[in-house]
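Numbering (this note's numbering), first residue to last: 87 to 515. Every residue, glycine too, gets a C-beta built ideally from N, C-alpha and C. As the structure is a prediction and not an experimental result, all values here were calculated from the model. Reviewing the structure listed below.
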């Protein structure tokens, strides 16, 4: 009788925790945990482990560096992962990462890029994971300190991506950016990804811009962003230059002081003035992995004039897509010529470039870019005696591609690329 009871108990437990193979949907409506102390909670999908986290109505609230972890495996192929999230109440913004394990939780790897809250409005994001099961996932809060995140939905889909999701082979392997106003709508120039084995082409999604970070150079290869009317507001310039604590463990975190007395400005790739909608948006541009050592006159005059031109276009009813970056080594700053600063930890680029695509405000942006679209390519020397007029440094997109090895505007149809990438902007609308 006892053996029969034990067998039935094991079978019942196995059925309750049976790994799913088609899809998993969890809204965290079942189960309760009222303290932040670590512990397990059984929701409708199975048992999850909450560390520095508790349940909050139909959500899980996470603080500090807390975690929300599956303790069971999903047996199908996890094609996509959808997460809905928001900042808790009036808390400041913070970010989380997705990690996964294929050995029942013995070891984990990160997938996709950091996602950040934008106030208490709920947002949903999709990770294109394409991981074969058995697999379990873990959400890790990695920034924002004591500010709290609410996770209200977690969904795994084993079905293939839609044609819209898979329409561009140049998009990053993890993360779908093929949507209007996406900061990476025009393509991933260097096929950057989040594989720690390629630290000099590491994809970072800061919500307000996306970049390929170069660990060896201590600055981005390129940064990509969209500018629309909603990006402008009344937020003040934060000037909170700081190291990015979310970079992988063991990497050097470039700090504000690394530029001190170097003769070079902390030159923004994505400018502060392009992100004034909220304090969080503006503050994100002051992370040091958005900076490059830039000659002061290049930064404050020539480049500032081009940035102001782009913002003027938006104010006149356009929307703008920008990809900017730098390459080479050796520039002339206020104190003369240097190849590196910060004791060799940060490379001083020889050239700074930008590609700008301008279209009338509207929808279905990718489809509206054609051979008549205004495309501006600029390539400047990183030199303090540069002239203020950026028009003196216009070139073609193909010129920048040749210098960098990148595939710019790769999401556009090839016939469109062949026209807009070979024409040098000469002014006008």
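Excluding its 5 nearest sequence neighbours in each direction, residue 112 has C-beta neighbours in its own chain below 6 angstroms: 129, 131, 240, listed in chain order. Residue environment: residue 186 is assigned as buried (16 or more neighbouring CB atoms within 10 Å of its CB, all protein chains considered). When secondary structure is reduced to three states using DSSP, residue 196 falls in the strand class.
In this structure residue 355 does not touch residue 470 by the C-beta definition: roughly 19 angstroms separates them, more than the 8 angstroms allowed. If you draw a straight line from the Cα of residue 136 to the Cα of residue 340, it comes to about 33 angstroms.
Rounded to the nearest whole angstrom, the CA to CA distance from residue 411 to residue 457 is 24 angstroms.
According to the DSSP assignment, residue 235 belongs to the beta strand (DSSP E) that extends over 235-243. For residue 397, the uninterrupted alpha helix (DSSP H) run begins and ends at 390-401, by DSSP. Counting only runs of 3+ residues, the beta strand (DSSP E) found wholly inside the region 325-355 occupies 351-354, in chain order.
Nearest in C-alpha terms to residue 228, of all of 220, 338, 238, 203, is 203. Across the set 331, 115, 311, 145, the C-alpha of 311 shows the shortest separation from the C-alpha of residue 266.
In this structure, the CA atom of residue 177 is about 8 angstroms from the CA atom of residue 205. For residue 379, the enclosing beta strand (DSSP E) stretches over residues 377-380. Taking 8 angstroms as the cut-off, the beta carbon of residue 344 is found closer than this to the beta carbon of residue 427.
Looking only at 455, 440, 441, the smallest Cα-Cα distance to residue 447 is reached by 455. Annotated as proximal: residue 213 and residue 167, with beta-carbon spacing under 8 angstroms. Residue 284 and residue 463 have their C-alpha atoms spaced approximately 28 angstroms apart.
By the Cβ-count criterion, residue 231 is exposed, with fewer than 16 other Cβ atoms from all chains shown falling within 10 Å of its own Cβ.
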